[in-house]
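First the structure, in the form of C-alpha coordinates, and then the observations on it.
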Amino acid sequence: MTNLNSIGLDVEKSKILAEKLNELLADYSIFYQNIRGYHWNIKGDKFFELHDKFQELYESLFVKIDEVAERIRTLGHTPNHQFSVYQKEAKIKESNEVSNGIKDVKDTLESLKIIITLQREILDLSADAEDEGTNALMSDYIREQEKLVWMYSAYLK
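The sequence shown runs 1 to 157 under the UniProt record's numbering.
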(Lines of atoms letter the chains of each structure in order from A; the text may use other names.)
(Lines give C-alpha, C1' and ligand atoms only; values in the text may rest on other atoms or scores of the structure.)
Protein backbone atom coordinates (compact mmCIF):
# COMPACT_ATOMS: atom_id res chain seq x y z
CA MET A 1 0.00 0.00 0.00
CA THR A 2 2.96 2.35 0.31
CA ASN A 3 3.26 2.61 -3.46
CA LEU A 4 -0.27 4.06 -3.77
CA ASN A 5 -1.12 7.74 -3.83
CA SER A 6 -3.96 9.38 -1.90
CA ILE A 7 -6.61 8.17 -4.41
CA GLY A 8 -5.31 4.60 -4.44
CA LEU A 9 -3.36 4.67 -7.70
CA ASP A 10 0.19 3.49 -8.26
CA VAL A 11 2.55 6.39 -7.52
CA GLU A 12 4.86 5.82 -10.49
CA LYS A 13 2.00 5.35 -12.97
CA SER A 14 0.34 8.49 -11.62
CA LYS A 15 3.58 10.43 -12.14
CA ILE A 16 3.75 9.29 -15.77
CA LEU A 17 0.10 10.22 -16.28
CA ALA A 18 0.64 13.66 -14.74
CA GLU A 19 3.59 14.26 -17.08
CA LYS A 20 1.46 13.35 -20.11
CA LEU A 21 -1.40 15.48 -18.80
CA ASN A 22 1.03 18.40 -18.51
CA GLU A 23 1.90 17.87 -22.18
CA LEU A 24 -1.82 17.98 -22.95
CA LEU A 25 -2.17 21.12 -20.84
CA ALA A 26 0.57 22.78 -22.93
CA ASP A 27 -1.11 21.81 -26.21
CA TYR A 28 -4.52 22.91 -24.97
CA SER A 29 -3.14 26.27 -23.81
CA ILE A 30 -1.49 27.10 -27.13
CA PHE A 31 -4.55 25.81 -29.03
CA TYR A 32 -6.82 27.96 -26.84
CA GLN A 33 -4.85 31.10 -27.59
CA ASN A 34 -4.75 30.31 -31.32
CA ILE A 35 -8.53 29.87 -31.39
CA ARG A 36 -9.02 33.14 -29.53
CA GLY A 37 -6.85 34.81 -32.17
CA TYR A 38 -8.98 33.29 -34.93
CA HIS A 39 -12.14 34.47 -33.15
CA TRP A 40 -10.85 38.01 -32.71
CA ASN A 41 -9.31 38.45 -36.13
CA ILE A 42 -11.38 36.45 -38.63
CA LYS A 43 -12.35 38.38 -41.77
CA GLY A 44 -14.36 37.74 -44.88
CA ASP A 45 -17.71 36.42 -45.98
CA LYS A 46 -17.70 33.59 -43.39
CA PHE A 47 -17.01 35.98 -40.52
CA PHE A 48 -20.25 35.48 -38.59
CA GLU A 49 -20.34 31.69 -38.65
CA LEU A 50 -16.62 31.20 -37.95
CA HIS A 51 -16.55 33.93 -35.30
CA ASP A 52 -19.29 32.08 -33.39
CA LYS A 53 -17.76 28.62 -33.91
CA PHE A 54 -14.34 29.76 -32.72
CA GLN A 55 -15.95 31.30 -29.63
CA GLU A 56 -17.72 27.99 -28.85
CA LEU A 57 -14.42 26.17 -29.25
CA TYR A 58 -12.32 28.47 -27.08
CA GLU A 59 -14.97 28.41 -24.33
CA SER A 60 -14.85 24.61 -24.40
CA LEU A 61 -11.04 24.65 -24.34
CA PHE A 62 -11.07 27.00 -21.34
CA VAL A 63 -13.06 24.43 -19.35
CA LYS A 64 -10.82 21.57 -20.47
CA ILE A 65 -7.66 23.44 -19.47
CA ASP A 66 -9.05 23.79 -15.96
CA GLU A 67 -10.19 20.16 -15.81
CA VAL A 68 -6.81 18.83 -16.97
CA ALA A 69 -4.95 21.00 -14.44
CA GLU A 70 -7.27 19.83 -11.66
CA ARG A 71 -6.78 16.20 -12.71
CA ILE A 72 -3.01 16.64 -12.43
CA ARG A 73 -3.53 17.99 -8.89
CA THR A 74 -5.85 15.09 -8.08
CA LEU A 75 -3.09 12.69 -9.11
CA GLY A 76 -0.82 14.45 -6.59
CA HIS A 77 1.27 16.53 -8.98
CA THR A 78 1.63 20.15 -10.05
CA PRO A 79 0.22 21.46 -13.32
CA ASN A 80 2.55 23.64 -15.34
CA HIS A 81 1.30 27.20 -15.59
CA GLN A 82 4.03 29.07 -17.43
CA PHE A 83 3.42 29.95 -21.05
CA SER A 84 7.16 29.70 -21.72
CA VAL A 85 6.97 26.03 -20.70
CA TYR A 86 3.90 25.50 -22.86
CA GLN A 87 5.70 26.93 -25.88
CA LYS A 88 8.62 24.53 -25.38
CA GLU A 89 6.55 21.41 -24.67
CA ALA A 90 3.53 21.78 -26.96
CA LYS A 91 3.38 20.06 -30.32
CA ILE A 92 0.87 22.72 -31.36
CA LYS A 93 2.63 25.94 -32.29
CA GLU A 94 1.39 29.51 -32.15
CA SER A 95 -0.47 30.63 -35.26
CA ASN A 96 0.87 33.70 -37.02
CA GLU A 97 -1.89 34.08 -39.59
CA VAL A 98 -5.23 34.37 -37.82
CA SER A 99 -7.63 36.10 -40.20
CA ASN A 100 -7.91 33.56 -43.05
CA GLY A 101 -10.93 31.39 -42.29
CA ILE A 102 -9.96 28.41 -44.45
CA LYS A 103 -6.41 28.34 -43.07
CA ASP A 104 -7.74 28.76 -39.51
CA VAL A 105 -10.09 25.79 -39.93
CA LYS A 106 -7.25 23.68 -41.41
CA ASP A 107 -5.00 24.65 -38.48
CA THR A 108 -7.83 23.80 -36.09
CA LEU A 109 -8.12 20.35 -37.65
CA GLU A 110 -4.38 19.77 -37.39
CA SER A 111 -4.42 20.84 -33.74
CA LEU A 112 -7.34 18.53 -33.00
CA LYS A 113 -5.40 15.65 -34.59
CA ILE A 114 -2.44 16.33 -32.30
CA ILE A 115 -4.65 16.56 -29.23
CA ILE A 116 -6.75 13.49 -29.99
CA THR A 117 -3.60 11.44 -30.62
CA LEU A 118 -2.12 12.50 -27.26
CA GLN A 119 -5.42 11.87 -25.48
CA ARG A 120 -5.51 8.33 -26.89
CA GLU A 121 -2.02 7.79 -25.47
CA ILE A 122 -3.22 9.10 -22.10
CA LEU A 123 -6.28 6.86 -22.37
CA ASP A 124 -4.02 3.81 -22.74
CA LEU A 125 -1.86 4.88 -19.80
CA SER A 126 -4.87 5.58 -17.60
CA ALA A 127 -6.36 2.17 -18.40
CA ASP A 128 -3.08 0.52 -17.44
CA ALA A 129 -3.01 2.51 -14.18
CA GLU A 130 -6.68 1.66 -13.50
CA ASP A 131 -7.32 5.41 -13.32
CA GLU A 132 -10.99 5.66 -14.20
CA GLY A 133 -11.11 9.41 -13.55
CA THR A 134 -8.52 10.26 -16.19
CA ASN A 135 -9.87 7.56 -18.47
CA ALA A 136 -13.41 9.00 -18.38
CA LEU A 137 -12.12 12.52 -19.01
CA MET A 138 -10.12 11.45 -22.05
CA SER A 139 -12.98 9.35 -23.44
CA ASP A 140 -15.36 12.30 -23.19
CA TYR A 141 -12.87 14.66 -24.84
CA ILE A 142 -12.07 12.26 -27.67
CA ARG A 143 -15.73 11.65 -28.49
CA GLU A 144 -16.49 15.38 -28.54
CA GLN A 145 -13.43 16.25 -30.61
CA GLU A 146 -13.94 13.50 -33.17
CA LYS A 147 -17.31 15.09 -33.90
CA LEU A 148 -15.61 18.47 -34.28
CA VAL A 149 -13.16 16.94 -36.77
CA TRP A 150 -16.09 15.66 -38.80
CA MET A 151 -17.84 19.05 -38.71
CA TYR A 152 -14.79 21.19 -39.53
CA SER A 153 -13.80 18.75 -42.28
CA ALA A 154 -17.30 18.97 -43.75
CA TYR A 155 -17.02 22.77 -43.67
CA LEU A 156 -13.93 22.60 -45.89
CA LYS A 157 -15.58 20.43 -48.55
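Glycine residues also receive a C-beta, built at the ideal position from the N, C-alpha and C atoms.
Stretch-stretch touch, CB-based, cutoff 8 Å, three pairs: the stretch 105-114 with the stretch 28-36: They touch, by the three-pair rule.
Reduced DSSP category for Leu21 - H, G, I as helix; E, B as strand; rest coil: Note: Leu21 maps to helix in three-state DSSP.
Three CB pairs or more closer than 8 Å across the stretch 5-18 and the stretch 123-142: They touch, by the three-pair rule.
Extent of the continuous alpha helix (DSSP H) run through His51: Taken as a continuous stretch (DSSP letters only), the alpha helix (DSSP H) holding His51 covers 47-74.
Ile116 vs Leu24 beta-carbon contact at 8 Å: In this structure, Leu24 does not lie closer than 8 Å to Ile116 by Cβ.
Per-residue DSSP class, three states only, for Leu9: Here Leu9 sits in coil by DSSP.
Cβ-based neighbour list, Leu9, same chain, cut-off 6 Å, excluding 5 preceding and 5 following: The beta carbon of Leu9 sits closer than 6 Å to those of Ala129, Asp131, all from its chain and outside the five residues before and after it, given in chain order.
Within 8 Å, strictly: CB atoms of Asp45 and Ile114: With contacts defined by Cβ atoms closer than 8 Å, Asp45 and Ile114 do not form a contacting pair.
Residues of its chain near Tyr38, where Cβ-Cβ distance is below 6 Å and the 5 sequence neighbours each way are ignored: Result list for Tyr38: Phe54, Val98, Asp104, in chain order.
Whole-angstrom C-beta distance between Asn22 and Thr72, which should lie under 8 Å: Thr is not the amino acid found at residue 72; the sequence shown has Ile there. Taking the Cβ atoms as the reference, Ile72 lies roughly 6 Å from Asn22, within the contact range of under 8 Å.
Option nearest Lys64 by Cα separation, candidates Trp150, Ile42, Tyr155, Thr134: Answer by Cα proximity: Thr134.
Segment limits, alpha helix (DSSP H) that includes Leu125: Judged by DSSP secondary structure, Leu125 falls within the alpha helix (DSSP H) whose first and last residues are 101-128.
With 16 other Cβ atoms within 10 Å as the buried cut-off, status of Ser3: In the sequence under discussion, the amino acid at residue 3 is Asn, which differs from the Ser named in the question. Looking at its Cβ environment, which holds fewer than 16 other Cβ atoms inside 10 Å, Asn3 is exposed.
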